[in-house]
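Undergrad: Just so you know, we're using my numbering here: the sequence shown kicks off at 275 and counts up by one.
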Amino acid sequence: MTVFKTKRELQKFALDTKRAGKTIGLVPTMGFLHEGHASLIDIAREKADVVIVSVFVNPTQFAPNEDFDSYPRDFERDAKLCEAHGVDVVIAPEPQEKYCSTASTFVTETMLSRPLCGASRPTFFRGVTTVVSKLFNLALPDFAVFGEKDAQQLHVIRRMVRDLDFPVEIIAGKLVRDADGLATSSRNRYLSADERERALAIHRALLTAKRTILADRGAIDAALEQAKQTITLAGGKVDYVSALYTATFDKIAPGTRRIIVAAAAFFGTTRLIDNEMFDF
Ligand code: PAF
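#1: Tell me whether residue 341 counts as near the ligand PAF, meaning its Cβ is closer than 8 Å to at least one heavy atom of that ligand.
#2: Nearest-angstrom Cα distance between residue 436 and residue 546?
#3: Within its chain, find whatever has a CB closer than 6 Å to the CB of residue 442; leave out the 5 residues flanking it on each side and keep chain order.
#4: Under the rule that 16 or more other beta-carbon atoms within 10 Å means buried, what is residue 520, buried or exposed?
#5: What's the C-alpha gap between residue 380 and residue 401?
#6: Which residues does DSSP list as the beta-bridge partners of residue 451?
#7: Give me the Cα-Cα distance between residue 277 and residue 427, rounded to the nearest whole angstrom.
#8: Just to confirm, is the Cβ distance from residue 366 to residue 286 under 9 Å?
#9: Check whether the Cβ atoms of residue 511 and residue 539 sit closer than 9 Å, and answer yes or no.
#10: Kindly indicate the opening and closing residues of the alpha helix (DSSP H) around residue 369.
#11: Going by DSSP, name the residue or residues bridged to residue 549.
#12: Who are the near neighbours of residue 430 in its chain, counting only those whose CB is closer than 6 Å to its CB and skipping five residues on each side?
#13: Considering only heavy atoms of the ligand PAF, does any lie closer than 8 Å to the CB of residue 401?
#14: Would you kindly check if the distance between the Cβ of residue 457 and the Cβ of residue 536 is under 9 Å?
#15: Would you kindly check if the distance between the Cβ of residue 315 and the Cβ of residue 361 is under 9 Å?
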């Protein structure tokens, strides 16, 4: 496995790989890798000749009041996990290498990125779409794998790829849960044992909401209200609990098929997200 620190090394490697007629699979990450990331890497490993993983805590997707500085980092551990899962190249640049100090160009998706996380983190998706565009230009992937845990991010990236004609197939990896049901996330690291126990209420609330909605299409609002109460009673501070049409991330209308019931909530200072996607 090779580790690159600079953009140019990565781009040259990608160009040479393409010239040799090989396919490239990319898994973009912010590091502190867990089973969820490993499952995305395994998908890339099956599809592509060469697998590239990026490990980069991207400053442009954090607001000034968010956890950029404290975001967990452990490159040695990440490198071991990548090696164990057959990764060929890890790109791990420093922020000053990734972004020019006078960078003034950003990529913005203006529709799917508005509700949910986009409403509470207004600059988040602009940071994501910008860094992912840069990665696509550097790693030249045929496939890129993103997790369904970040369902809105996945949809925003799919829309960006469609709208800007990136020649990249976006592949979705299933949400992975720990044995207790908590969705895997690098931020779970911040939770105390007690917060973690209480945070399980998010998944419980989403499952109950899903059951209620499937049993009675007219009960969406009541199901969401109940989910909010479940999370609040467990000591969580709800950011949102919402049910939207996955294709547009807009309100569920008659004829809508696949929907997402998504939640974001704080336990202590840790913001967690989770979702259930299902046919309606
Ligand atoms: O999902 C993430 O970890 C990040 O948002 C991503 C896609 C790596 C961009 O920084």
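For glycine and all other residues, C-beta sits at the position ideal for the given N, C-alpha and C.
Values in this document were obtained by computation on a predicted structure and should not be read as measured data.
TA: By the coordinates alone:
#1: no
#2: 29 Å
#3: 410, 415, 418 and 435
#4: buried
#5: 8 Å
#6: 457
#7: 26 Å
#8: no
#9: yes
#10: 369-372
#11: 536
#12: 383, 386, 387 and 399
#13: yes
#14: no
#15: yes
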